Amino acid sequence: MRSNDDYDSCQSDSRSSIDHHIGFSAVLGYGLTDLLSTSTCKEHTLPLAPFPRNRSKNIARWSIIPFSLQTLTSPIKSPTPIRIWVLTFTSFFDLANQRVRVSIMMEKADSVQKLYARMRLWEFPDQYVIEPTDGSSGSSLAVNRVDGSMKLIDEVPECSSLRVPKIYTIFGVVGMLRLLAGSYLLVITERESVGSYLGHPIFKISSLKVFPCDNSLKNTPAEQKKIETEFSALLNVAEKSSGLFFSYETNLTLSAQRLNDLGDESRLLPLWRQAEPRFLWNNYMLEVLIDNKLEPYLLPVVQGSFHHYQAAIGKDIIDVTLIARRCTRRNGTRMWRRGADPDGYVANFVETEQIMQFNGYTASFVQVRGSIPLLWQQIVDLTYKPKFELLKPEEAPRVLERHFLDLRKKYGAVLAVDLVNKHGGEGRLCEKFGETVQHVASNDVRYLHFDFHHICGHVHFDRLSILYEQISDFLERNGYLLLNEKGEKMKEQLGVVRTNCIDCLDRTNVTQSMIGRNMLEYQLRRLGVFGAEETISSHPNLDESFKILWANHGDDVSIQYSGTPALKGDFVRFGHRTVQGIIQDGCNALLRYYYNNFRDGTKQDAIDLIQGHYIVSVSRDAAASSQKGGLDAIASFPMAFALVLTGFLFATMSLRQVRYDFRHFFFSLMWAGISVGIAAFVRANGRVFCNRPRLHNPR
């Protein structure tokens, strides 16, 4: 019910004109104030005596008083005017319809069950029982340990001396994965609060745990049991997945602009139904829960990064948040997922959103990164930098067109900034990219090459200002999202900058942080916080926090793709290159070599398995296991390396005995030759000796 002050705030001028010559005035009775207050109505002061309202019953009482245009526009002389809402019949029915729609949406909102934020998992010999313990009155979930079937139960089964369960506290169900003979339940056992997204708390997954439902394995054939064990071992790798975030209250897969554009009915849907599938990390694993209609257990999870900070500028406080959302379409590791697939989805595609909040205003700016959208690969072969291979060049225009069409649908205009070298192996990719993109170039798609290493070298990253001068017109024209204190859209982002290098990690992160810095300064000037020439650098606390924010962001994205923090991170973190940073880059480069050659194949299999890129099949996987033979079956780099070292050890020992017996010289040559031969054989067959994915075998 509105107060008198509310009505006073809506009072219009007494000489306001009406579009209708004849209308009706309705004096509000009890119970209709809320209906009328939901819409814009014209209020006029008329020289009439106050009309009494009967509040004794919950019934609206109306007085219909005809008036003319002349009455409303004549001077008002009565000392005791009353306020009357002026409505046409049409606007009254519009209001009634609106009230009905609001009522329906409120009923839908009430019917949507909230996600359970804390649960207790009981591990019985024959089943797992998940009991909500966050104050919710919902049913518990029972999961059969034989076949993984699920059902809701009203009470947790009683315990006995023969039936003593283990008890775990969990904070969400990530999903369930079905393999050959068993099913595997993935749950969150530890979480960490990392901040809020548009007012809603965000959590990071600190620990995952797999609970097997594989009691049926006891009755399966030995071969099938062996294959099941190999697949289930991959889930141990999945448990270590980094950069997983979730919220019980808001849709973390959508940017602020897309959330703002959601219709009222879409906002009332469960979070998993609102979610953007390409950024939903557990999309495949939720299918079993969706089939069983377990709404309060369906928790969307995003892989990426989430960091924020607050900084004071004078008496003003700004809140800056940086979010990364990793696309799952072509997810994987650095060397085993390169380029695009035939549908135009690219490797290491990450959407980065920078959000600034100040005095009720919210500004959001989105950038994206992704591998060069061509069919190409770079298969590890024990060399430090394997050669680049372009595949099916005749397909390049179609693949690239699909990629940019998808970007235009989701983001609007696209500016593709290509940072790769113009010469060498990268140069061939750069040339093909620049040549092919001309087929789709238009007012909405623009390509720009900027040779990062040639222009900036290894230390002169301040020269990125040259790049900014070339793209500033695009940024100013396509802008960013700006919401006022009421959440109303004042400005929207109409296009996106797509940045890539070879890995879309190090050079890309330095460049995106530069663009993000300039956009934040632009937004702060727009809101009057900064003067015309003021920059982030002129505020040390803000500057330091901003650098750390982007450095941590780059490290998170890099660890997920390459296994190590980003290179060149010292520039992002400190604003200049340091000796320690250069040494750290060298160590990280060596670590990347090790991970790429000897660990990432297994990690790639785990990613493909949990995200549904590889569906387990009894007949296919049994056949593949039996067909493995030849060099693939015996190739082992650790064994070969041990033989090489042993050969050189014997060669050295024999050489020391030459002074006693010259024949040892020939033994020394023999052992050295064996070592060199083994090393040459391994080098020639480097791809076979690397840790390769088994589920999607590359050429």
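Each residue of the sequence shown is one higher than the one before, starting from 5 at the first, in the working numbering.
Here a beta-carbon is modelled for each residue, glycine too, at the ideal position from N, C-alpha and C.
Computed from a prediction, not measured in an experiment: that's the story for all the values here.
- Burial is judged here by how many other beta carbons sit within 10 angstroms of a residue's own beta carbon; residue 166 has fewer than 16 and is exposed.
- Look at residue 216 here: in three-state DSSP terms it is strand.
- Distance from residue 172 to residue 202 at the Cβ level is roughly 32 Å; contact not present, criterion being Cβ atoms closer than 8 Å.
- One thing to note: residue 258 has its Cβ within 9 Å of the Cβ of residue 278.
- In the three-state scheme derived from DSSP, where H, G and I count as helix and E and B as strand, residue 495 is classed as strand.
- Judged by their CB atoms, residue 127 and residue 185 are not nearer to each other than the 9 Å cut-off.
- Taken in chain order, the complete alpha helix (DSSP H) segments of 4 residues or longer contained in the segment 359 to 434 are 400 to 415.
- Below 8 Å, too few C-beta pairs join the segment 581 to 595 and the segment 670 to 685 to call them touching: fewer than three.
- In the assembly as shown, residue 614 is a buried residue. Its beta-carbon has 16 or more other beta-carbons within 10 Å.
- Measuring C-alpha to C-alpha distances from residue 129 to each of 241, 146, 591, 543 identifies 146 as the nearest.
- Judged by DSSP in its simplified three-state form, residue 667 adopts helix.
- Under DSSP, residue 451 shares a beta bridge with 420.
- Under DSSP, residue 188 shares a beta bridge with 181, 216.
- Between the segment 542 to 552 and the segment 484 to 496 there are fewer than three C-beta pairs closer than 8 Å, too few to call the two in contact.
- In the DSSP annotation of this structure, residue 533 is not part of any beta strand (DSSP E), being labelled neither H nor E.
- Check the Cα spacing between residue 520 and each of 430, 483, 663: the tightest is with 483.
- Beta-bridge annotation (DSSP): residue 320 is paired with 317.
- The beta carbon of residue 246 sits closer than 7 Å to the beta carbons of 563, 564 from its chain, once the five residues preceding and following it are set aside; these are given in chain order.
- Membership of residue 620 in any alpha helix (DSSP H) is not indicated, and neither H nor E is assigned to it by DSSP.
- Taking 9 Å as the cut-off, the beta carbon of residue 382 is found closer than this to the beta carbon of residue 339.
- Rounded to the nearest whole angstrom, the CA to CA distance from residue 528 to residue 548 is 17 Å.
- A straight-line Cα-Cα distance of about 36 Å links residue 567 and residue 148.
- Contact fails between the segment 369 to 388 and the segment 461 to 470, because fewer than three Cβ pairs, one in each stretch, are under 8 Å apart.
- For residue 148, there is no enclosing alpha helix (DSSP H); the residue is found in the beta strand (DSSP E) stretching over 144 to 148.
- In this structure, DSSP gives residue 480 a helical state, which the three-state scheme calls helix.
- Boundaries of the alpha helix (DSSP H) harbouring residue 599: 583 to 602, taken from the DSSP string.
- Burial is judged here by how many other beta carbons sit within 10 angstroms of a residue's own beta carbon; residue 368 has at least 16 and is buried.
- Residue 649 and residue 618 have their C-alpha atoms some 39 Å from each other.
- Remark: C-beta atoms of residue 209 and residue 197 do not approach each other more closely than 9 Å.
- For the alpha helix (DSSP H) assignment, the uninterrupted runs of no fewer than 4 residues enclosed by the segment 213 to 255 are, from N- to C-terminal side, 226 to 242.
- Residue 437 and residue 377 have their C-alpha atoms some 8 Å from each other.
- Residues of the same chain with a CB within less than 7 Å of the CB of residue 290, apart from the 5 flanking positions on each side, are 179, 276, 302 in chain order.
- Excluding residues up to 5 positions away in sequence, 386, 639, 640, 641, 644, 686 lie with their Cβ nearer than 8 Å to the Cβ of residue 693 in the same chain.
- Assignment of beta-bridge partners to residue 134 by DSSP yields 125, 145.
- Within the same chain, and ignoring the five residues on either side of residue 372 in sequence, the residues whose Cβ sits closer than 8 Å to its Cβ are 353, 354, 355, 356, 411, 415, 500, 501, 502, 503.
- With 16 or more other Cβ atoms from the protein chains shown falling within 10 Å of its own Cβ, residue 370 counts as buried.
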